[in-house]
Each structure stands twice: as C-alpha cells, then as structure tokens.
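J.: Before anything else, here's the structure in question.
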C-alpha cells in the first residue's frame, strides 16, 4: 500500500486520483486487533506512517503549471487534496504528537533553506497538513508543537509570498479556533493576519471564514480586539468588492463582536454600520420591479440582515442588547412587509426573509412578545399570498417559543387555525392530485409542524376548539396517495401521532372512528401497489399505531376492505389476505416484525414474490 501511495500522479486531465485509502485501511487493521496487540502493532507501523506522511506532503503540493489547468482539473485536484487531508487525519490518530513534530521539523527545514518565496509549493503543502490535522490536536504535548507552529507562522512575510500560502495560513488559523480559545496567548499574533486578509480579494473568503470561526469560538479572548475587528469589517465592506458570502460572514462577525460590547457601544456600532443597509433595503422594498438585478440586491440585503441577527445571539448573562435588537427589527418591519407584497411568489426571497425573523426572535427571546403579532401577521400574509414551506417553518418556531405565553395564546390559536385552513386549501382545488405534487414540500413541512406541536401537547393546537381535526385527518389520508416519498412519510408521521393521542381527545377520536376504514383502505392500497417502497416502513408505523389503540376496529376495517377479490391486487388470494390480517393483528408492539409482514405482503401484491404455495408470513412472525 505504501508503494501504491508513493506512485507519482500525472498532472494532466484524467490522471488525478480521487481517493487515497492507504491510511484508513491500515487504521482499520490496527483498530481491529485485540487491545493487548495494538501498542506493539502501532509501534511497528509508526515508521511506515511517517514515510506515508512525507509522500502525502509531496503529492499534495501544487504543480508548477497549476494556473493553466482547466476548471475541471482544478476541481479534481481540490478533491484529491481533501482525500489527502482525510488521510493525514488518519495518520494523526496513529502518530499523535510525532506527526506534529515531523511537520514542524520539515516546516523549519524549508524556512531555513530560504528559497520558499520562489519555490512556494512545499511550504504551502506543510501548512495545509497542519490545517488537515487540526481537529485531532489534543493534550499538553500537542499544545507545545501547535504553539511552535503559530510562532513560526507569525514570522512569515505573507505580503511577499504566493497567495496560495496566504489562503492556507488563514484556513489553518480558522481550523484551530477551538484550540486558540484555550490558548488565547496566540490571539494577538493571529488576528492581525486575519484582518489583513480581508483586504486581499483572493484571500477574503478564507479570512472571513476564519474570522467567523474565531469570533464564534473565542468570544472572551477577542474582547480586547473588538475595535480592530470592527474597523477591519467596516473597511472591507466599504470597498464594495466582496461577494455575498463574505459580506454575510462579516455581518455575522459584527453581530458577534457587538455581544461583547457595552450597550452604548452597541448602539453606536449598529448605527454606523447597519443603518445604511436598513435604509437601502427600505428603498429596494418600495421598488415594484421584479427584475433579476433588483432581486439580487433584495437578496443581498436580506442575507446580511439575517447574518447580523444570527451573530447577535449570545449566551452571555451580562449581554443586555436584546432591546436594541428589537428596535432594529421593528425598524425593518415596514421594509419586510413591502418585500412580502412584491416578492411573495419567490421562494428564495421569502425563505431568506423568514431567516431574518428566525434569528431575530432567537436573539430577542421573551422581549419580542410585544411585536410577535406584527411578525406573525407578516408571515401569515406571505402564506396567504403564496404557500411556502419557509412560512410554516418560522410559524412553528413562533408556536414553540410562545405557545405557553398566556398573553399570546389567544392570538396564536387564531393564527394556527388560519395557517391550517390556508395550507389545506390544496385539497379543495379542482385538481388536488396535481396540487399535492406541486406543493409537496409545503405539505411535508405542514405535517411535521402538526406532529411536533401534538407531541409537545401544545395548547394552541390540541386544546383549540376551532381546529377541524376531521378535515386535517382526511387530508393526511389523501397525502398518503402522493408519489413523493417525503409527503407520504410526513403524513404517516402525523397520522401515527394523531392516532396515538386520539383516545384522550374527543374531537380527534371522532375523526379516527369516522375515517378509520378509509385510512386502512388507503394504507393497504398503497402497500399493495401505489406507494414507493421506501415508504413501506412509514405506512407500517401507521398500522402499528392503529393496532395499539384500535385493535378491534382495525380487525373490522381490514376485513371489510380486503373482502374485495382484486383488492389491493389480483395476486393476493382471499386466503393470503386472511393470513395477512391475522399476522398483522398479532403484532401490537414489535415494529420490526410488522414491517417484515407488510413488506412481504407488498412484494406478493406487486408480483416480486410469485411463490405463495408455502405459508406466507411465517418467517416474518417467527
């Protein structure tokens, strides 16, 4: 395997490998040995692993002609380098600190040779190796080598080196964010490198990602550097050259840094940094034009607002800025309302808008109670204009966060009734089957929301006298006929929960008793012919729920619907169907056995199993 790993790769199209399994294979061999054998085996293979590391360092180096490669070849090499990074991580699990020692030795060797400015590839490859093993670095011994690595990094004349080295250095700093949180003495040396990277067009993506990792994982340590970070973010944003991803990350960073500042500084920071974007979003929201250019700008400003609110979330007890965040959200509401009225048909815009509300509410918490009606009304208007899964997702979050709030319960109860009515209008359209297919993602989200609220025993749903549970139950049955497995599975999950709690809820009990036979008819038809095979487990779960709560009724319903000669298939004889009923009713607790019975019945009905001369289901039930 070592010889195979060392075979040179040909740097031309079609000759870049896409896997490197040497170390993972060897690792499996070591781990698979008895515990008493592993230490000796590990000791024996350490030299082999060190040789492998040297081979991988050479093979992960960029080619001299890389710049002239096609986009396809560059992507292949990127994947190949990722495979090498994974392999180095496997090596780290065997070599531990010895790997870091080896890498650091080679790093200093290259720097001592002095030609790394012109022949930069080996240096970049070594830094990439440190980046690759970051997640496996633990223990005080490892700390010594990582400290030495960062001490070496800070001496590099990055401004004079190839951009690839700069990018890899920034990636490595971000990869060690958790380590830096514990070893904060290196922060003062690393932050200036990240800040400088923001002003470099090619390095900005890596710099912003690394700085985001640092601000997320090292909050206490970055407090002294807050002015430096904010100034760098402001300067980078002011250039107007950054892409959306970098701008969103910088807004997240600004938000995260604000959680470390006193309230007066937060007000000043948000005023100077954010108000221009708030004003621009307001201007854009008043534009009725729906051209791609306008959409791109609306998308941009919503994304950065979402990132800002996400960054402003904090678990710090002394953090006192939610009221400021609430004021910011309230100032955005008119713009968000205008966006909904213009872009209600655009799923991407509505999804991003809902993410703004999501992160804002998470950050503000209970202080958002006064404006919850305004926020939910915005969501309700969007859902009324055009059904979206995102509006249901954010509604579910509001319901879970605030359903226990007595002040809001009445309003939330009205909202959920309206959402149910709007969503289930899919089934009253002239062509419900087409509508179910076109709105599959909406129905998936809807039934998962209902399932979650029922499991939480949310009073705004289960105690709501205005909810028509019979209609909801009927629509879930109709959804079982969908060709999209996600819709079938979501409806099945809802039905299992509904049936499971219906005995204690008269309005739900009535729905099951009135529609139970139709449910069984639909279940068996789909098991026998209609449903995708990967939905059989979900359908089986519904049968199990019925068997637990309505055993006698299930026997009666199954007997009636299976009495038809050719139902669900002409391949299922009357004797076979009677056997099926008997074995199904026997399994009231064993989910696995019931699934095997259902699966065998499905295969017989679909003609996959043709030999039914021997007694069916016996193997399943044994």
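In the numbering used here, the protein residues as written are 133 to 754. The beta carbon of each residue, even a glycine, is placed where N, CA and C say it ideally should be.
Thinking C-alpha only, which one of 315, 213, 294 is nearest residue 272?
T.: The shortest Cα separation from residue 272 among 315, 213, 294 belongs to 315.
J.: Report the residue from 566, 515, 618, 562 whose alpha carbon sits nearest the alpha carbon of residue 549.
T.: For the residues 566, 515, 618, 562, the minimum Cα distance to residue 549 belongs to 515.
J.: Would you check if the region 365–375 and the region 414–423 touch, i.e. whether three or more CB-CB distances between them fall below 8 Å?
T.: Verdict: no, contact absent.
J.: What's the call for residue 635, buried or exposed, on a 16-neighbour Cβ count within 10 Å?
T.: Result: exposed.
J.: Does the structure place the region 193–211 close enough to the region 242–249 that three or more beta carbon pairs sit under 8 Å?
T.: In short, these stretches do not touch, since the Cβ pair count stays below three.
J.: When you compare only the Cα positions, how much space is there between residue 727 and residue 612?
T.: If I take the Cα positions, the gap works out to 17 Å.
J.: Looking only at its chain, what residues have a beta carbon closer than 8 Å to the beta carbon of residue 508, apart from the 5 residues adjacent to it on each side?
T.: Once the five neighbours on either side are set aside, the close Cβ partners of residue 508 are 527, 530, 543, 544, 547.
J.: Counting Cβ pairs closer than 8 Å, one from the region 575–591 and one from the region 619–639, do we hit at least three?
T.: Touching, yes.
J.: Counting Cβ pairs, one atom from each stretch, are 3 or more of them under 8 Å apart for the region 683–703 and the region 652–664?
T.: Flag = yes, the region 683–703 and the region 652–664 touch.
J.: Give the DSSP-derived three-state secondary structure of residue 518 in the structure shown.
T.: DSSP places residue 518 in coil when its eight states are reduced to three.
J.: Identify every run of the alpha helix (DSSP H) within the region 226–310, keeping only runs that are complete inside it and at least 4 residues long; order them along the chain.
T.: With a minimum length of 4 residues, the continuous alpha helix (DSSP H) runs that stay inside the region 226–310 are 229–245, 253–264, 272–285, 295–307.
J.: Give the single residue among 176, 275, 701 whose Cα lies nearest to the Cα of residue 738.
T.: Of the listed residues, the one whose Cα sits closest to residue 738 is 701.
J.: Could you check which residue in 600, 670, 610, 664 has the C-alpha nearest to that of residue 637?
T.: Of 600, 670, 610, 664, the residue nearest in Cα terms is 600.
J.: List the endpoints of the continuous alpha helix (DSSP H) containing residue 636.
T.: From DSSP, residue 636 is part of no alpha helix (DSSP H); its letter is neither H nor E.
J.: Is it right to say residue 477 is buried, meaning 16 or more other beta carbons lie within 10 angstroms of its own, or is it exposed?
T.: It counts as exposed.
J.: Relative to the C-alpha of residue 625, which residue among 382, 670, 708 is closest?
T.: Among 382, 670, 708, the Cα nearest to that of residue 625 is on 670.
J.: May I ask which residues mark the beginning and end of the alpha helix (DSSP H) holding residue 580?
T.: Unbroken alpha helix (DSSP H) run through residue 580: 572–587.
J.: Using only alpha-carbon positions, find the residue among 403, 647, 460 that is nearest to residue 495.
T.: When each option's Cα is compared against that of residue 495, the closest is 460.
J.: Classify residue 742 as buried or exposed, calling it buried when 16 or more other Cβ atoms lie within 10 Å of its own Cβ.
T.: It counts as exposed.
J.: Specify whether the region 210–220 and the region 276–284 touch according to this definition: at least 3 beta carbon pairs, one from each stretch, less than 8 Å apart.
T.: Result no; under three Cβ-Cβ pairs closer than 8 Å.
J.: In whole angstroms, what separates the C-alpha of residue 540 from that of residue 712?
T.: Looking at the two C-alpha atoms, the distance is approximately 50 Å.
J.: Could you pull out every residue in the same chain whose Cβ sits closer than 6 Å to the Cβ of residue 353, ignoring the five residues on either side in sequence?
T.: 316, 319, listed in sequence order.
J.: Give me the Cα-Cα distance between residue 733 and residue 647, rounded to the nearest whole angstrom.
T.: Going by the C-alpha atoms only, they are around 23 Å apart.
J.: Can you tell which of 553, 259, 302 has the C-alpha that lies nearest to the C-alpha of residue 339?
T.: Comparing Cα-Cα distances from residue 339 to each of 553, 259, 302, the minimum goes to 302.
J.: In chain order, what residues of the same chain lie with their CB nearer than 6 Å to the CB of residue 574, ignoring the 5 residues before and after it?
T.: Excluding residues within five positions, the ones whose Cβ falls inside 6 Å are 519, 521.
J.: Within 8 Å, do at least three Cβ pairs link the region 249–268 to the region 180–196?
T.: Taking 8 Å as the limit for Cβ pairs, the verdict is that the region 249–268 does touch the region 180–196.
J.: Alpha carbon to alpha carbon, how far is residue 186 from residue 270? Give it in angstroms, no decimals.
T.: Approximately 22 Å between the Cα atoms of the pair.
J.: To test your reading of the DSSP string, which unbroken alpha helix (DSSP H) runs of 4 or more residues are found completely within the region 402–434?
T.: Counting whole runs of 4 or more residues, the region 402–434 contains no alpha helix (DSSP H) stretch at all.
J.: To which residues of the same chain is residue 437 closer than 6 Å at the C-beta, ignoring the five residues directly before and after it?
T.: Counting only Cβ-Cβ distances below 6 Å, and skipping sequence neighbours, we find 488.
J.: Among 259, 334, 394, which has the Cα closest to the Cα of residue 368?
T.: Among 259, 334, 394, the Cα nearest to that of residue 368 is on 334.
J.: According to DSSP, is residue 364 helix, strand or coil?
T.: In the structure shown, residue 364 sits in a helix (DSSP, three-state: H, G or I).
J.: Kindly give me the distance between the Cβ atoms of residue 346 and residue 325, rounded to whole angstroms, as I take these residues to be in contact under 8 Å.
T.: Not really, about 11 Å apart at Cβ, beyond 8 Å.
J.: Per DSSP, what kind of secondary structure is residue 146 in: helix, strand or coil?
T.: Unreliable positioning characterises residue 146 in this predicted model, as indicated by a pLDDT of 42, which lies under 50. A coordinate reading is not provided.
J.: Does the distance from the CB of residue 361 to the CB of residue 443 come in under 9 Å?
T.: Contact flag unset, no.
J.: Going by beta-carbon coordinates alone, are residue 485 and residue 504 separated by less than 9 Å?
T.: The answer is no: Cβ separation not under 9 Å.
J.: Return helix, strand or coil for residue 714, following the three-state DSSP convention.
T.: Three-state result, residue 714: helix.
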